[in-house]
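In the working numbering, the protein residues as written are 127 to 379. Written below as structure tokens is the structure these notes are about.
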């Protein structure tokens, strides 16, 4: 899952089909359970990334908007400059909806146009997703220090509550320890790390920055998982078994 918080945008994290991915299999909405939804959502997003690459598009936001609109948006953008813009998303929805507008009270929409969207998909999808990616302020040199430390523990067993080499690590424990070794203090849990970091657009993500996920398990808080982006669609994290790199497009949390 290259975008950190699609489950919030798709379902608010409350439906079993948290990534609303049933329809990408031709199934009725909300047909999949949570685990199947996440796996299919990741698989579908990976296919959109591949479609973008095949059509010469390197703008991640095209794949993100296509997750909502369907793969037809990739071809639409390919013929119109190969870059996502809000105007393109708006015109695509206008064409598909026949110009029908619906009320949409989301604050992003209210600020943009007074509170409406076209009645096809959600033309604000990229903006909705991008608001959830966060990152600490880390230079390239500091990012390398973080990863030099993190790679010492590659293959170690995941231990819930672990926060140092004596105990091994859970996801936020690993992040706190490695950033601490680089001279950056972060709080202990994924939620408090999320709260302490700056939010940026997904398209600006660089190696050494953090990806946060929510509702991956019942932790009593909203944000429940965190990993370190290492570039090339790879994330280093303490998953449910081992500390390792994972392809973000096929991430299992």
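Every residue, glycine too, gets a C-beta built ideally from N, C-alpha and C. As the structure is a computational prediction, the values presented were derived from the model and not from experiment.
Quick check on residue i: buried or exposed, where buried means 16 or more other Cβ atoms within 10 Å of its Cβ?
i, result
"residue 363", "buried"
"residue 361", "buried"
"residue 271", "buried"
"residue 253", "buried"
"residue 324", "exposed"
"residue 315", "buried"
"residue 322", "exposed"
"residue 280", "exposed"
"residue 350", "buried"
"residue 342", "buried"
"residue 198", "exposed"
"residue 299", "buried"
"residue 256", "buried"
"residue 311", "exposed"
"residue 302", "buried"
"residue 369", "buried"
"residue 128", "The predicted model places residue 128 with a pLDDT of 41, which falls under 50 and marks its position as unreliable; any figure quoted below should be read in that light. When all chains shown are included, residue 128 counts as buried."
"residue 331", "buried"
"residue 344", "exposed"
How is residue i classed by DSSP in three states: helix, strand or coil?
i, result
"residue 236", "helix"
"residue 272", "helix"
"residue 211", "coil"
"residue 348", "coil"
"residue 324", "strand"
"residue 311", "coil"
"residue 204", "helix"
"residue 181", "coil"
"residue 357", "strand"
"residue 171", "helix"
"residue 227", "strand"
"residue 364", "strand"
"residue 248", "coil"
"residue 284", "strand"
"residue 294", "strand"
"residue 192", "helix"
"residue 176", "helix"
"residue 289", "strand"
"residue 369", "strand"
With distance defined between alpha-carbon atoms, name the residue in the options nearest to residue i.
i, options, result
"residue 214", "314, 226, 249 and 325", "249"
"residue 176", "200, 251 and 266", "200"
"residue 334", "345, 357 and 318", "357"
"residue 235", "303, 212 and 179", "212"
"residue 251", "355, 331, 312 and 219", "219"
"residue 243", "216, 186 and 299", "216"
"residue 387", "269, 196 and 202", "Examination of residue 387 is not possible in this model, given that the chain is present from 127 through 379 alone."
"residue 246", "221, 318 and 239", "221"
"residue 346", "300, 318 and 354", "318"
"residue 297", "169, 352 and 344", "352"
"residue 190", "344, 174 and 237", "174"
"residue 207", "301, 320 and 183", "183"
"residue 304", "330, 354, 168 and 187", "354"
"residue 180", "203, 240, 226 and 365", "203"
"residue 320", "196, 295, 348 and 344", "348"
"residue 209", "185, 283, 178 and 326", "185"
"residue 194", "284, 171 and 344", "171"
For the ligand MG, I want to know if residue i counts as a neighbour, meaning its beta carbon is within less than 7 Å of at least one of the ligand's heavy atoms.
i, result
"residue 251", "The model depicted lacks the ligand MG and carries no ligand whatsoever."
Any contact between the stretch 270 to 278 and the stretch 336 to 353? By contact I mean 3 or more CB pairs, one from each, below 8 Å.
The way I'd put it, the stretch 270 to 278 doesn't touch the stretch 336 to 353; fewer than three beta-carbon pairs between them come closer than 8 Å.
Taking 8 Å as the cut-off, does the stretch 226 to 240 touch the stretch 287 to 294 (at least 3 CB pairs, one atom from each stretch)?
Result no; under three Cβ-Cβ pairs closer than 8 Å.
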